[in-house]
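Undergrad: Please find one structure pasted underneath; my questions will follow.
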Amino acid sequence: MESSRLILRRIAAAYAITLLLLAAAPAWSQAPQSSSAKLPLTPAIHVGKLPNGITYYVRQNSLPAKRVSLRMAVKAGSIDEADDQRGLAHMLEHMAFNGTTHFKPGELVAYFESIGVSFGAHVNAYTSYDETVYMLDVPTDRAGALDHGLQAMADFAGGMSLTDAEIDKERGVVLEEWRQRLGVQSRLQGITDKAIYGNSKYAERLPIGTPESIQKFPYQRVRDFYRANYTTDRIGFVIVGDIDAAAAETLVRQYFGVLPARKSAKRPIYPVPPHNDTRVTVATDPEAQSTSVSVFHTRPLRKSLTVGEYRRDLVRSLFESMLNARLAEIARRPDAPFLGASAGDDTLGQTVEAFGVSARVNEGGVPKGIEALEQELARVRQFGFGDAELERVKKATLASYERAYNERDKSESPGLASELVSLYLNDVPAPGIAVEYDLAKRFVPTVNTTETAALARELVTENNRVVIAVAPEKKDVTPPSEAMVRDALRTGAAATLTAWKDEAKGKELLPAKPTPGTIASRRDVPEIGVTVLTLSNGVEVWLKPTDFKNDQIVFTAYAKGGTLNVPEADYRNASMMTSLIGISGVGGLSPVDLGKMLSGQIANASLSMGPYTHGAGGGSTPKDLETALQLMYLSFTAANHDPDAFELMKRRLRANLENQAQSPGAVYGERVRLVNTNNHYISRSMKIEDVDALDQAKMEAFYKTQFANAADFTFFFVGAFDVAKIEPLLATYIGSLPSQGKPTSTYSDVRLTFPMGVKKEIVNKGQEPKAQTVISFYAESNLNELEMHRLRAATDILERHLRDQLREELGGTYSVGVDYSNTLPQPGYGTTSVQFGSAPDRVDSLVATVMTELDRMRRDGPSADDVQKVKETEKEGLETSFKQNGFWLGALQTAQMLGWDPVSIIHRTERTDTLTAENIHDAFRKYFPADRYTQLTLLPEKGTQ
Numbered sequence: 001m002e003s004s005r006l007i008l009r010r011i012a013a014a015y016a017i018t019l020l021l022l023a024a025a026p027a028w029s030q031a032p033q034s035s036s037a038k039l040p041l042t043p044a045i046h047v048g049k050l051p052n053g054i055t056y057y058v059r060q061n062s063l064p065a066k067r068v069s070l071r072m073a074v075k076a077g078s079i080d081e082a083d084d085q086r087g088l089a090h091m092l093e094h095m096a097f098n099g100t101t102h103f104k105p106g107e108l109v110a111y112f113e114s115i116g117v118s119f120g121a122h123v124n125a126y127t128s129y130d131e132t133v134y135m136l137d138v139p140t141d142r143a144g145a146l147d148h149g150l151q152a153m154a155d156f157a158g159g160m161s162l163t164d165a166e167i168d169k170e171r172g173v174v175l176e177e178w179r180q181r182l183g184v185q186s187r188l189q190g191i192t193d194k195a196i197y198g199n200s201k202y203a204e205r206l207p208i209g210t211p212e213s214i215q216k217f218p219y220q221r222v223r224d225f226y227r228a229n230y231t232t233d234r235i236g237f238v239i240v241g242d243i244d245a246a247a248a249e250t251l252v253r254q255y256f257g258v259l260p261a262r263k264s265a266k267r268p269i270y271p272v273p274p275h276n277d278t279r280v281t282v283a284t285d286p287e288a289q290s291t292s293v294s295v296f297h298t299r300p301l302r303k304s305l306t307v308g309e310y311r312r313d314l315v316r317s318l319f320e321s322m323l324n325a326r327l328a329e330i331a332r333r334p335d336a337p338f339l340g341a342s343a344g345d346d347t348l349g350q351t352v353e354a355f356g357v358s359a360r361v362n363e364g365g366v367p368k369g370i371e372a373l374e375q376e377l378a379r380v381r382q383f384g385f386g387d388a389e390l391e392r393v394k395k396a397t398l399a400s401y402e403r404a405y406n407e408r409d410k411s412e413s414p415g416l417a418s419e420l421v422s423l424y425l426n427d428v429p430a431p432g433i434a435v436e437y438d439l440a441k442r443f444v445p446t447v448n449t450t451e452t453a454a455l456a457r458e459l460v461t462e463n464n465r466v467v468i469a470v471a472p473e474k475k476d477v478t479p480p481s482e483a484m485v486r487d488a489l490r491t492g493a494a495a496t497l498t499a500w501k502d503e504a505k506g507k508e509l510l511p512a513k514p515t516p517g518t519i520a521s522r523r524d525v526p527e528i529g530v531t532v533l534t535l536s537n538g539v540e541v542w543l544k545p546t547d548f549k550n551d552q553i554v555f556t557a558y559a560k561g562g563t564l565n566v567p568e569a570d571y572r573n574a575s576m577m578t579s580l581i582g583i584s585g586v587g588g589l590s591p592v593d594l595g596k597m598l599s600g601q602i603a604n605a606s607l608s609m610g611p612y613t614h615g616a617g618g619g620s621t622p623k624d625l626e627t628a629l630q631l632m633y634l635s636f637t638a639a640n641h642d643p644d645a646f647e648l649m650k651r652r653l654r655a656n657l658e659n660q661a662q663s664p665g666a667v668y669g670e671r672v673r674l675v676n677t678n679n680h681y682i683s684r685s686m687k688i689e690d691v692d693a694l695d696q697a698k699m700e701a702f703y704k705t706q707f708a709n710a711a712d713f714t715f716f717f718v719g720a721f722d723v724a725k726i727e728p729l730l731a732t733y734i735g736s737l738p739s740q741g742k743p744t745s746t747y748s749d750v751r752l753t754f755p756m757g758v759k760k761e762i763v764n765k766g767q768e769p770k771a772q773t774v775i776s777f778y779a780e781s782n783l784n785e786l787e788m789h790r791l792r793a794a795t796d797i798l799e800r801h802l803r804d805q806l807r808e809e810l811g812g813t814y815s816v817g818v819d820y821s822n823t824l825p826q827p828g829y830g831t832t833s834v835q836f837g838s839a840p841d842r843v844d845s846l847v848a849t850v851m852t853e854l855d856r857m858r859r860d861g862p863s864a865d866d867v868q869k870v871k872e873t874e875k876e877g878l879e880t881s882f883k884q885n886g887f888w889l890g891a892l893q894t895a896q897m898l899g900w901d902p903v904s905i906i907h908r909t910e911r912t913d914t915l916t917a918e919n920i921h922d923a924f925r926k927y928f929p930a931d932r933y934t935q936l937t938l939l940p941e942k943g944t945q
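First residue of the sequence shown: 1, per our numbering; consecutive thereafter.
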């Protein structure tokens, strides 16, 4: 769980500042002037406390329409568990959905699915160290839905049944969730948590608990936890959405006001104790995929409650952005001491926060990596940052605030509800973006380099420092040692340094604009609000202006032909071509140069390459659209030739791949792909020898052929624009692209094939007692829109059934997925698949359950209730999707690419009504054949169970 903070409080890429409080305050709101003044609460939020002690927050918000987000936050988590209650905070969260005063076991999820509210996406919960949060997103235009949601939340607060039988059933599910998390990351986390938390209780309270506790805890102990911790003075309820605020308050009182008042004993605070030294931990594992180093500096947690504290955090955010920019620039050097590095901060428990720097290094590169990190921290302490560096991040920061402010009336209820959860749990103020933007405009220009240098001296000390090195265990590699780490710390801190030399290359992205093309023809598709332009160079451009967002334009483009259009020997060169361009840059400017030049602008564009198509994509604010189009133009016409970037790409690839063979997931995933495609080369994972064989000249030649003829491409733009106003930009930057006047690209005739008959295989890899199973069925793909729709409905129905059986009834898995994939726009190849994790000794019985259910579906088909649930879920999803730019971008491209009528997009709701038990039954028989499938299971290596 990632906690919400008032400003950037995490590792961030250079200049990428994420605003988390987008509460839409009235436009006239202004921030208090005094630095000691408390940050206000936006007037749109209604806060109250019921007589029983429950705190509630209500906010009317119109997006998405006819929807309400309900959240119940409980100040109780794994930190509150006694030694014999390990994992019971999390178990209790699960039990909320297994019977309450007003809902029998299974009834709650079944009801919500019957009205299109899906489990997982709209009905969910999480447990962390310090809190438990329940989440429901419900429609307001369905009679009784909101009342059911409120009653469910009230039952979670005070009416869980917690019967012996349901507890025993859920033990298996939670145990499988624990099992699913087993692996190298969980093993390393156990080591690193001890280093970070020391002898604090947090080091012993992972929310998932222990298998011994999950399997054996007495029933009464989870009831004891519920009684002791779910008291009315530790519960906050949030309701945000398309509902009158006064009516919402009345409903809160109706459902939560009747709960009896129960006050808990004073909740203990479990501190992470300070330490006046440097702790060093080295963690190694045979399955570790990379080598990394991290240096954390901890100190007492400081909340940001006042105007002055808000400014302090702005300074902190600017500091981290500048440091991240330097680290990114260093990582590009030919002799870079690390492959990538970043800086950021976070909270540890309720009393401590930490500033940290982390780097990924080459094998054997721990000393160099630590020395480099220490040197850069020392450089900032000694010399600070330059004025130009600070001005760039100021521009980027204010641009981010401005965009958030411009979208203030487009904030969606789930995000606003999350902010109010943070307000209740962690005292994170919610002043609204109008106040925050006012503060940013007031304070950002006043920050100076003296302040940011002083902050470095404050944050970075040798006391309360934790250093962690992580590396693979390999016979031919000497693992790092504590002595090695400490020597590197001393060497880095004692280095003789000079001030950072900041170089900015170029002042204009495109000094001379290209000669514009013209608009050769246009046609409108009024039913969906689309205009289609044909430019003089043969490019077709689809335009859909929307008001879904005030400050967003997104675009994409595609052309026929991809990596399968080249001989097998050149496949790797083709597949890595766009990655090389991303690292090299365009127009004679590296990514670092571009970041500096474009600071304060929100615009991006990049190229893409797939097996059957290639293209481009990007996005911007309306005012920065020209910049995004210039980037796109340069990507098509002026990718850099940079041998250093080519070597950098290879270094990163080698680091990613050198331990791939030790990863159970990587080995298993490759084997599944190879079996399901009859060992086609496209399914083989990249290996070190492939990296060594990459040829820069061939990659660049392939780039030139793929992007030489603009007439091959169709572009799509969706967002906040006026067609007439952007036409000149399109003519200038798309209409001027080099072209042969007509399309020449073609789809590859290379086709994948699926094995005949039934094929089963076991892959033995890994040391944990866990299994993963994938059953794949041949599902020939075609371009029929209705047929694909029915197949998707079949996969949704099967997934629900298998979730109920494998998880809820048998307790054999934590999650089961059913999916469909294909190679469209190349028809022919497709697969449906069922995948789940489990204990190794339960694989056979669970597979048998899957096959029995599929036999039943092929024989009997789905029930009327199954079909109705699918329809309701689809309609709920479509109602929201129709108001999203990203949905339209993808839907328009898919329709054009596959030859579908684009007007059919708005008729998807009616299409959903054509689903019947009969046509879905046909899909089960056709796309889940009993005589043509593969079954691959990942099991631990022999002798490790």
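By construction, the Cβ of each residue, glycine as well, lies at the ideal position given by its N, Cα and C atoms.
1. Rounded to whole angstroms, what's the CA-CA distance from Ser304 to Leu314? Just pull it up for me.
2. Taking the runs of the beta strand (DSSP E) that are 3 residues or longer, which of them lie wholly in the region 288-316?
3. Since I believe Asn61 is in contact with Leu420 (beta carbons under 8 Å), could you give me their beta-carbon distance rounded to a whole number of angstroms?
4. Using CA coordinates, which residue listed in Val675, Asp624, Gly308 is at the minimum distance from Gly757?
5. Would you call Thr852 buried or exposed, if buried means 16 or more other Cβ atoms sit within 10 Å of its Cβ?
6. Starting from the C-beta of Ala24, find all residues in its chain whose C-beta is less than 7 Å away, skip the five residues before and the five after it, and write them out in chain order.
7. Work out the CA separation of Phe777 and Arg932 for me, nearest whole Å.
8. Near Glu389, which residues of its chain fall below 6 Å by C-beta distance, leaving aside the five closest residues on each side in sequence?
9. Can you tell me which of the three DSSP states Leu351 falls into?
10. May I ask you to report which of helix, strand or coil DSSP gives Arg932?
11. Which residues bound the beta strand (DSSP E) around Val138?
12. Can you tell me the Cβ-Cβ gap for Tyr558 and Thr613, rounded? I've got them flagged as a contact below 8 Å.
13. Looking at the strands, I want to know which residues DSSP matches up with Arg67.
14. Just to check my reading of the structure: Ile258 and Phe237 have Cβ atoms closer than 8 Å, yes? What is that Cβ distance to the nearest angstrom?
15. Please work out which residues of its chain come closer than 8 Å, Cβ to Cβ, to Val903, disregarding the five sequence neighbours upstream and downstream, and give them in chain order.
16. Quick check on the DSSP output: the beta strand (DSSP E) that includes Ala434 runs from which residue to which?
17. My output table needs one value for Thr613: the three-state DSSP class, helix, strand or coil.
18. Between which residues of its own chain and Glu93 is the CB-CB distance below 8 Å, once the five residues before and five after are set aside?
19. Relative to the alpha-carbon of Arg879, which residue among Thr912, Asp285, Thr578 has its alpha-carbon at the smallest distance?
20. Going by beta carbon distance, what residues of the same chain come within less than 7 Å of Thr909, once the five residues before and after it are set aside?
21. State the DSSP-derived secondary structure class of Asn604, mapped to helix, strand or coil.
22. Can the beta-carbon of Arg279 be found less than 8 Å from the beta-carbon of Val485?
23. When you compare the CB positions of Trp542 and Gln884, do they come within less than 8 Å of one another, or not?
24. Skipping 5 residues on each side, what residues in its chain have a beta carbon closer than 6 Å to that of Ala779?
25. Tell me which residue opens and which closes the alpha helix (DSSP H) that His94 is part of.
26. Could you round the C-beta distance between His122 and Gly159 to whole angstroms and report it? I think they count as a contact, below 8 Å.
27. Tell me which residue opens and which closes the beta strand (DSSP E) that Asn784 is part of.
28. Shortest alpha-carbon distance to Gly837 belongs to which of Lys49, Leu136, Thr55, Glu176?
29. Within the region 487-551, note down every full beta strand (DSSP E) run reaching 3 residues or more, in order along the chain.
30. Contact check, Ala89 vs Ala76 under 8 Å by CB: the rounded distance?
31. Which residues in the same chain as Met211 place their Cβ atom closer than 7 Å to its Cβ, once the five residues preceding and following it in sequence are excluded?
32. In terms of DSSP beta bridges, what is Phe716 paired with?
33. Hey, how far is the Cα of Leu20 from the Cα of Asn52?
34. Can you tell me which residues form a DSSP beta bridge with His46?
35. Go through the region 698-748 residue by residue and report every complete run of the alpha helix (DSSP H) that reaches 4 residues or more, in order.
36. Report the rounded CA-to-CA distance for Ser342 versus Ala328, giving the unit in angstroms.
TA: Here's the rundown:
1. Rounded to whole angstroms, Ser304 to Leu314 spans 11 Å at the Cα level.
2. Qualifying beta strand (DSSP E) stretches, in chain order: 291-300.
3. The C-beta distance from Leu420 to Asn61 rounds to 11 Å, too long to fall under 8 Å, and the pair is not in contact.
4. Just measuring C-alpha positions, the residue of Val675, Asp624, Gly308 sitting nearest Gly757 is Val675.
5. Per the 10 Å Cβ criterion, exposed.
6. Low confidence applies to Ala24: its pLDDT is 30, below 50, so where it sits in the model is not reliable enough to give any reading.
7. Going from the Cα of Arg932 to the Cα of Phe777 covers about 6 Å.
8. Once the five neighbours on either side are set aside, the close Cβ partners of Glu389 are Met322, Asp502.
9. Residue identity differs from the one stated: residue 351 is Thr in this sequence, not Leu. DSSP places Thr351 in coil when its eight states are reduced to three.
10. DSSP places Arg932 in coil when its eight states are reduced to three.
11. Val138 -> beta strand (DSSP E) spans 132-139.
12. In this structure Tyr558 touches Thr613 by the C-beta definition: roughly 5 Å separates them, less than 8 Å.
13. Among the bridge pairs identified by DSSP, Arg67 is matched with Pro139.
14. Correcting the residue identity first, residue 258 is Val in this sequence and not Ile. With 8 Å as the limit, Val258 and Phe237 do not qualify as a contact, their Cβ atoms being about 13 Å apart.
15. Cβ neighbours of Val903 beyond the five flanking positions: Val525, Glu527, Ile528.
16. Per DSSP, Ala434 belongs to no beta strand (DSSP E); it is in the alpha helix (DSSP H), 433-443.
17. Strand.
18. Answer for Glu93: Ala125, Tyr126, Thr127, Thr132, Tyr134, listed in chain order.
19. Sequence check: residue 879 is Glu here, not Arg. Nearest Cα to Glu879 within the set Thr912, Asp285, Thr578: Thr912.
20. Excluding its 5 nearest sequence neighbours in each direction, Thr909 has C-beta neighbours in its own chain below 7 Å: Lys875, Leu878, listed in chain order.
21. Reduced to three states, the DSSP call for Asn604 is strand.
22. When the beta-carbon positions are compared, Arg279 and Val485 stay at least 8 Å from each other.
23. Taking 8 Å as the Cβ cut-off, Trp542 and Gln884 do not qualify as a contacting pair.
24. If you ignore the 5 residues before and after Ala779, its C-beta comes within less than 6 Å of the C-beta of Gly830, Thr831, Thr832, Tyr927, all in its own chain and listed in chain order.
25. From DSSP, the alpha helix (DSSP H) with His94 extends over 88-95.
26. Not confirmed; about 21 Å, so no contact.
27. Where Asn784 is concerned, there is no enclosing beta strand (DSSP E), given that its DSSP letter is neither H nor E.
28. For Gly837, the nearest C-alpha among the options comes from Glu176.
29. Counting only runs of 3 or more, we get 519-525, 530-535, 540-545.
30. Beta-carbon to beta-carbon, Ala89 and Ala76 are separated by about 6 Å, close enough to satisfy the 8 Å threshold.
31. One point to set straight first is that residue 211 is Pro, not Met, in the sequence displayed. Within the same chain, Leu175, Trp178 come within 7 Å of Pro211 by CB-CB distance, once the 5 residues on both sides are set aside.
32. Its beta-bridge partners are Trp542, Thr556.
33. In this predicted model, Leu20 has a pLDDT of only 26, less than 50, meaning its place in the structure is not dependable; the value taken from the coordinates is given anyway. Each residue's Cα considered, the two are about 31 Å apart.
34. DSSP, once it has assigned bridges, lists Val58 as partnering His46.
35. Correct list: 723-733.
36. Near 8 Å, if we compare the C-alpha coordinates of Ala328 and Ser342.
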